[in-house]
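Heads up: the sequence lines are chains A and B, in that order. At the far end of the first sequence sits residue 294, using this note's numbering, and the numbering has no gaps. At the far end of the second sequence sits residue 843, using this note's numbering, and the numbering has no gaps. Take a look at the structure set out below.
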Amino acid sequence: MTGLSRRLRVSLAVIIAVTSVLIAASPTLANGLSLIFPDPVSPNGRDIYGLYVLITYPAIVIFVGVEVVLLYIILRFRRKHPAQFGAEWHGNTPLEIVWTIIPALIVAYIALVSFQVLVKDFSTEAANANTDMNVAVNGVQFTWSYTYDEGFTVQNEMVVPVGKMVHMTFDSDNVIHSWWVPALTGKTDAVPGYTNQSWIKVDPSVLTNCPNGNDRHPDEATGGCVFHGECAELCGAGHSQMQIDVLVLPQSQFDAWVATQKAKATAPSPSPKPSPRPSPSASPSASPSPKPSP
Amino acid sequence: MATVTAPPPVVIPESYERSVFAPVTTWLTTTDHKLIGIMYMVTSFTAFLVAGIFALIIRVQLAQPNMNVVDAETYNQLVSAHGTTMIFFFVTLFLTGIANYIVPIMVGARDMAFPRVNALGFWLVPVSIAIYYAGFFLGGALNAGWTGYPPLTSRQFNPSLGVDLWTLSLIVWAISGIMASVNFLTTILALRAPGMDLLRLPLFVWAQISTSLLLLIVGAPLAGAMILTEIDRQFGTNFFTSAGRPVLYQHLFWFFGHPEVYIMILPGFGMISEIIPVFSRKRIFGYETMVLAIFGIVFLSMGVWAHHMFTVGLNVYVETAFMAMTALIAVPTGIKFFNWMATAWGGAIEFTTPMKFAFGFLATFLIGGITGVYLSAVPVDTQLHQSYYVVAHLHYVLFGGSVFTIFAGIYYWFPKFSGRILNERLGNWNFWTMFVGFNGTFLVMHTLGLDGMPRRIATYARQDWAGTNFFITGMSFLLAFSVLLFLINVLYSRRHGLIAGPDPWDGNTLEWATSSPPPPYNFERVPVVRSLMPLRDMKLAAAGKEITH
Chain A
1 MTGLSRRLRV SLAVIIAVTS VLIAASPTLA NGLSLIFPDP VSPNGRDIYG LYVLITYPAI
61 VIFVGVEVVL LYIILRFRRK HPAQFGAEWH GNTPLEIVWT IIPALIVAYI ALVSFQVLVK
121 DFSTEAANAN TDMNVAVNGV QFTWSYTYDE GFTVQNEMVV PVGKMVHMTF DSDNVIHSWW
181 VPALTGKTDA VPGYTNQSWI KVDPSVLTNC PNGNDRHPDE ATGGCVFHGE CAELCGAGHS
241 QMQIDVLVLP QSQFDAWVAT QKAKATAPSP SPKPSPRPSP SASPSASPSP KPSP
Chain B
295 MATVTAPPPV VIPESYERSV FAPVTTWLTT TDHKLIGIMY MVTSFTAFLV AGIFALIIRV
355 QLAQPNMNVV DAETYNQLVS AHGTTMIFFF VTLFLTGIAN YIVPIMVGAR DMAFPRVNAL
415 GFWLVPVSIA IYYAGFFLGG ALNAGWTGYP PLTSRQFNPS LGVDLWTLSL IVWAISGIMA
475 SVNFLTTILA LRAPGMDLLR LPLFVWAQIS TSLLLLIVGA PLAGAMILTE IDRQFGTNFF
535 TSAGRPVLYQ HLFWFFGHPE VYIMILPGFG MISEIIPVFS RKRIFGYETM VLAIFGIVFL
595 SMGVWAHHMF TVGLNVYVET AFMAMTALIA VPTGIKFFNW MATAWGGAIE FTTPMKFAFG
655 FLATFLIGGI TGVYLSAVPV DTQLHQSYYV VAHLHYVLFG GSVFTIFAGI YYWFPKFSGR
715 ILNERLGNWN FWTMFVGFNG TFLVMHTLGL DGMPRRIATY ARQDWAGTNF FITGMSFLLA
775 FSVLLFLINV LYSRRHGLIA GPDPWDGNTL EWATSSPPPP YNFERVPVVR SLMPLRDMKL
835 AAAGKEITH
């Protein structure tokens, strides 16, 4: 018994030590500790968020249930004296059927709901339905370029209007990149050789509700909201510098921005069709912006 | 016994015995599965220490935003070497080492079926490791992550010799693995002791059968992917380049890569299935179901590879099929988990260090299993893929899973390897520092991924990630400290540990029926097996008790 109690004392000491370290560290930790994705601002991102919450219910039940049973076993079934043996039984078919069927049903349900979300938001049909505008995203080492329907191309920052179905295509002529802005939706790879698709439709509410945070912040020049992300596929030494910014504007300001970009693109070199490489003057500065909207 | 009788033994000149080279030549020329097993373990554990130091450098680099302890290129090389070393050179090979030592004895064989192939298979390992690491001295090792996706590994974007060395290294590794697999399968199927039916095989042996089958099947696609990568680089073909089909590489690589996950965990499952019954003094619960579950995992594991590719733009119905298979694999894994719990339930448990690691495994692997279900759901995966959530998940299954079982296995079988028991007090400290250090490092890491931190970035600018990253780095040093305690324990106990005797744990299987360490021929008389627990039968028979099955 003394052995046991000493063991318990050591365990308790460790648990107390860890807890106190965690509590001591919590002010610094609290900032970056998120138990779920950033608030989604596009319907597909919202569906992913909902699915994550849905999986969390059985996950918590199973996690807590199993850990509690493990603790119970640890405390209850200790060897009391050296000659003690365990129980003789070593099988129970109904029980085994139960813990085969129940997990199977849970994962089948999760897969079913996932399938519905998949078809609704991630199929090619979904990406092409009700499209209001297209943006062709091209991954380069180590930045992104965005080509619009009007034929001009911008780098660094993508600009979209609120409330519009933006159909996005992803491509690369070098290595694989992955375009990921967590607040909008999941990531899509830009793979050389073929074109991937996705879409976003940003809620108009972001124009009034754009907290100054780390993954989003109001854009001072335009009053729009900027969402932040990073390249998610290792693409070389500059991988960590391959940042993504998406500026969301009201329609009117967006239209003005498009007009400015078109003017810029046509002015210096009137090339006939969308050139993938914009002339230096075409690439916008950090603040792309038509201040006074018409 | 060999020295006593008639035919004059091979005379070893005294001068040779005294020679300092004697131990060297013994190790260099041996075909004894036990010595080869030890060489596998020592080599791969050394790789573990090196890759662990890489991990610490990575953690120091990420401790604060915008750090520049190493530059981005070096960082990429360290990340790639950490992954490659841990997966190919440590976990897989350490498990091969344990199995090399234990499996032949467990089935009552005198050695592996092909002892020289066994030696060759082992000696290819240091060759493979040396080829990979030569990159560091020849202008830079692989820098594209352990997965080495083209076109980042194509000559156009990566002239580094390190990539060529990596492909060659893994080809050699795959050949070595295939040799070992053939050897294990033959040994287990052909050299079993009399009476050892397939359904009397210990679960660790079943696990080794499944692992060997998997490696036999998927080793070739890995080598194939490496060969095509290299042909692209040397002869200008376009299998995987940006003018070819980079995604084809991903299919080939993950057709190896996902079963590899099970190659690294199934032997661990096997060890847990040995350890829990022994220290609970209770029979394994649902033996037949456990065997079936292993093979359920084997078959499903070969049909889930594309779940590593949910963001490359596969057709949604293809993704659905892979999602269903992936989710389904939770079922046999769950069966094994619940059966272990049922084995311990009602037992008379003694929490020795191996048992602590076994329960530590159960407590942490559960988390890896649950996060795996999140990742199987395609839409959720598009958010979590390539983020620190995945890094946390993979460490929960690889470290919380495989490495905890490896430590359980070492503490359990060290007495057999060395004749001495590892110190329990140091073992206790080893376990608790590792348990706390591991969970401290990787539990909060999930939140970084949820918050948008991609994996494999050399640095980051966001200040709100600083606190969490700093905490993780601190905890990673506690984890490293636990490994240091383990090393001290091994060095101390191999000279000063308690004498183990043949059967220190009151075991059930044949490896405990012979001396510690066993003689070169393993058993003086090959035992006859009548049940799943032959040693227990012998002990009961010796005590004059009735044997019930």
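Note that the Cβ used here is the ideal one computed from N, Cα and C, for glycine as well.
- Think of a sphere of 9 angstroms around the beta carbon of B:Gln677: the chain A residues whose beta carbon falls inside it are Phe37, Gly45, Ile48, Tyr49, Tyr52, Trp180, Pro182, Thr185, Gly186 and Lys187, in chain order.
- Those residues of the segment 628-640 of chain B placed with their C-beta closer than 9 angstroms to a C-beta in chain A are Gly628, Ile629, Phe631, Phe632, Asn633, Met635, Ala636, Thr637, Ala638, Trp639 and Gly640, ordered along the chain.
- A direct Cα-to-Cα measurement between B:Phe498 and B:Arg449 gives close to 44 angstroms.
- For B:Glu613, the enclosing alpha helix (DSSP H) stretches over residues Val610 to Leu622.
- In the structure shown, the three-state DSSP call for A:Asn138 is strand.
- Look at B:Phe659: its C-beta is not under 8 angstroms from any C-beta on chain A.
- Under the 10 Å beta carbon count, A:Trp89 is surrounded by fewer than 16 other beta carbons and is classified as exposed.
- Listed as beta-bridge partners of A:Trp99 by DSSP are no residues whatsoever.
- By the criterion of a C-beta distance shorter than 7 angstroms, B:Leu826 is surrounded in its chain by Arg494 and Tyr581, once the five residues flanking it on both sides are discounted.
- Residues of the segment 673-701 of chain B with a C-beta atom less than 9 angstroms from some C-beta of chain A are Pro673, Val674, Asp675, Thr676, Gln677, Leu678, His679, Gln680 and Ser681, listed in chain order.
- The beta carbon of A:Asn138 does not come within 8 angstroms of any beta carbon belonging to chain B, so the residue lies off that interface.
- Taking C-alpha positions only, A:Ala104 is separated from B:Phe416 by approximately 41 angstroms.
- The secondary-structure analysis by DSSP pairs A:Gly213 with nothing; it has no beta-bridge partner.
- Under DSSP, A:Leu247 forms a beta bridge with A:Val159 and A:Val226.
- What A:Val119 touches in chain B, judged by beta-carbon distance under 7 angstroms, is Val610, going in chain order.
- In the assembly as shown, B:Ile482 is a buried residue. Its beta-carbon has 16 or more other beta-carbons within 10 Å.
- For B:Phe550, the closest of B:Phe579, B:Trp467, B:Asn360 and B:Asn816 by C-alpha to C-alpha distance is B:Trp467.
- Interface annotation for the segment 62-77 of chain A against chain B: Ile62, Phe63, Val66, Glu67, Val69, Leu70, Ile73, Ile74 and Phe77, criterion Cβ-Cβ distance under 8 angstroms.
- Taking the beta carbon of B:Glu524 as reference, no residue of chain A falls within 9 angstroms; the closest one sits roughly 18 angstroms away.
- When only Cα atoms are considered, B:Val364 and A:Glu125 end up about 45 angstroms apart.
- Taking every protein chain shown into account, the CB of B:Asn532 has fewer than 16 other CB atoms within 10 angstroms, so this residue is exposed.
- With the criterion set as a beta carbon lying under 7 angstroms from some beta carbon of chain B, the members of the segment 199-215 of chain A are Asn214 and Asp215, in sequence order.
- For the segment 403-460 of chain B, not one full-length beta strand (DSSP E) segment reaches 3 residues or more.
- In the displayed model, B:Trp321 falls within a helix according to three-state DSSP.
- Against chain A, the CB of B:Asp758 has a partner CB under 8 angstroms away; the residue lies at that interface.
- Annotated three-state conformation of B:Ser536 is coil, per DSSP.
- Close CB contacts of B:Pro798 within its chain, under the 7 angstroms cut and outside five residues either way in sequence, are with Pro709 and Ile715 (chain order).
- Apart from sequence neighbours up to five positions away, the residues of its chain that approach B:Gly456 with a beta-carbon distance below 6 angstroms are Gly429, Gly434, Ala435 and Leu436, ordered along the chain.
- Distances from the alpha-carbon of A:Asn44 to those of A:Ser114, A:Arg216 and A:Val61 put A:Ser114 closest.
- Looking from the CA of B:Arg527, the closest CA among B:Tyr682, B:Ile392 and B:Leu459 belongs to B:Leu459.
- Residue pairing by DSSP places B:Leu792 opposite B:Ile715 in a beta bridge.
- In summary, the residues of the segment 165-176 of chain A whose CB is separated from some CB of chain B by less than 7 angstroms are Asp173, Asn174, Val175 and Ile176, in the order they occur in the chain.
- Note that the C-beta distance between B:Val822 and B:Ala487 is below 8 angstroms.
- Among the CB atoms of chain B, none fall inside 8 angstroms of the CB of A:Leu247.
- Taking 8 angstroms as the threshold, the shortest C-beta distance from B:Tyr668 to chain A falls below it.
- Judged by their CB atoms, A:Val258 and A:Glu150 are nearer to each other than the 8 angstroms cut-off.
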